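The structure appears below as structure tokens.
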Amino acid sequence: MNARTPIALALLLVLAACSREAAPPPAEAPAESPAPVAEAPAPAEAEAEAAPPAGQVPRAFLCRGNEPFWALDLAVDNALLKTPEGETVLAGELRATDGGAWTFRGAPEDSPGDAVGAVLSPAQCFDTMADGPAMPFSAAVNFPDGSTANGCCTAEYGLDLGAAPAFDAATKADDDWSRQLPSLAAAVSRCALDAGVATDVVTKAWPMNRGKATVRLHDSGMARFDCLVDLGSGEIESVQAVPDTDTAPGEGSPLWLPVRENPPLLHCGRVERVVGTDGATTGWLHYPEGC
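Residues 94 to 384 in my numbering are what the sequence shown lists, from first letter to last.
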């Protein structure tokens, strides 16, 4: 054997050992593949949230922004602006645009020159100061001092009251209590607003003997009351609690809702406008079908 042979063999063994020790790094290659992102479904979720439920439209928006903090709660004809300096009630109008965006412009009633404007656009929007799912609308706001801000909005959907048909008693079935509403409208309004009950809805009204009527009130605490009113004078003669077991035929379909500062937010069924002789809306009739 040549004297160099053992040396050569030793070198080969060392090289082989080094090769075996160097082999593990390729096994780590899969770690270079991007890990699944848990927020990946967010765009689809945001699109689903931005799409209104069938037959419903945005009726209110809650918008927020940071640096500095501001919030704008928008309803159909008013808004509440919140800043570190305080809260300001704004009278204005929320309008839809043809492109799916919404605009609002409003000002304090005692300071009409201090207007706040906002444009709400359908877009996936994330809060820059908090973790959470995307919101379905972005907001660009102009403040009275000329400053601007951006933020995100959530939307609250409801039936489109602007497209609600006018109530027509002649089209109502004989067992629909609203068929008699034209002669009972004043009594319904009187009891709903002046009977000392926090009336949420009127579930039924019907004429009584001696020129009187009974209006059944449903308050915000789920209790019911019968209001007895004189149809001639409008005087409320009595208000009595109704037992849970007492349900009048046809009660609850429809429900009569009073006109308030903010129109009712209804998520199901169908709705009609009750219109007075002057063309103004005096109430809403809600048929809770499918609710």
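Even for Gly, the Cβ is constructed at its ideal location relative to N, Cα and C. Small disclaimer: the values here were computed from a predicted structure and weren't measured.
Check: Secondary structure of LEU155, DSSP reduced to three states; Outcome: strand
Check: The ligand MN heavy atom lying under 7 Å from the CB of PRO177; Outcome: Only the bare structure without any ligand can be found here, which leaves the ligand MN out of the picture.
Check: Boundaries of the beta strand (DSSP E) in which LEU321 is found, first to last residue; Outcome: 317–323
Check: Residues near GLY383 in its chain [Cβ-Cβ closer than 7 Å; skip 5 each side]; Outcome: CYS361, GLY362
Check: Of the listed residues CYS246, VAL332, MET315, nearest to THR307 (C-alpha basis); Outcome: VAL332
Check: As assigned by DSSP and simplified to three states, the class of CYS355; Outcome: A small correction: the amino acid at residue 355 is Asn; Cys does not occupy that position in the sequence shown. In this structure, ASN355 counts as coil in the three-state DSSP scheme.
Check: Between the CA atoms of GLY289 and THR241 - distance to the nearest angstrom; Outcome: 45 Å
Check: Rounded separation between LYS265 and VAL182 - CA only; Outcome: 41 Å
Check: Cα-Cα separation, ALA280 to LEU213; Outcome: 42 Å
Check: CA nearest to the CA of PRO336, picked from ARG283, ILE329, ALA257, ARG317; Outcome: ARG317
Check: Residue of THR176, ALA211, PHE162 minimising C-alpha distance to GLU186; Outcome: ALA211
Check: Beta-carbon gap between LEU274 and LEU359 smaller than 8 Å; Outcome: no
Check: Per-residue burial, VAL367 [other beta carbons within 10 Å of its own, 16 or more giving buried]; Outcome: buried
Check: The alpha helix (DSSP H) enclosing SER282, as first and last residue numbers; Outcome: 274–287
Check: Residue burial classification, PRO229 (beta-carbon count within 10 angstroms, cutoff 16); Outcome: buried
Check: Reference PHE154; option with closest CA among PRO146, ASP268, GLU160, ALA172; Outcome: ALA172
Check: Three-way DSSP call (helix, strand, coil) for SER271 in this model; Outcome: helix
Check: Residues sharing a beta bridge with ASN243, DSSP; Outcome: ALA233
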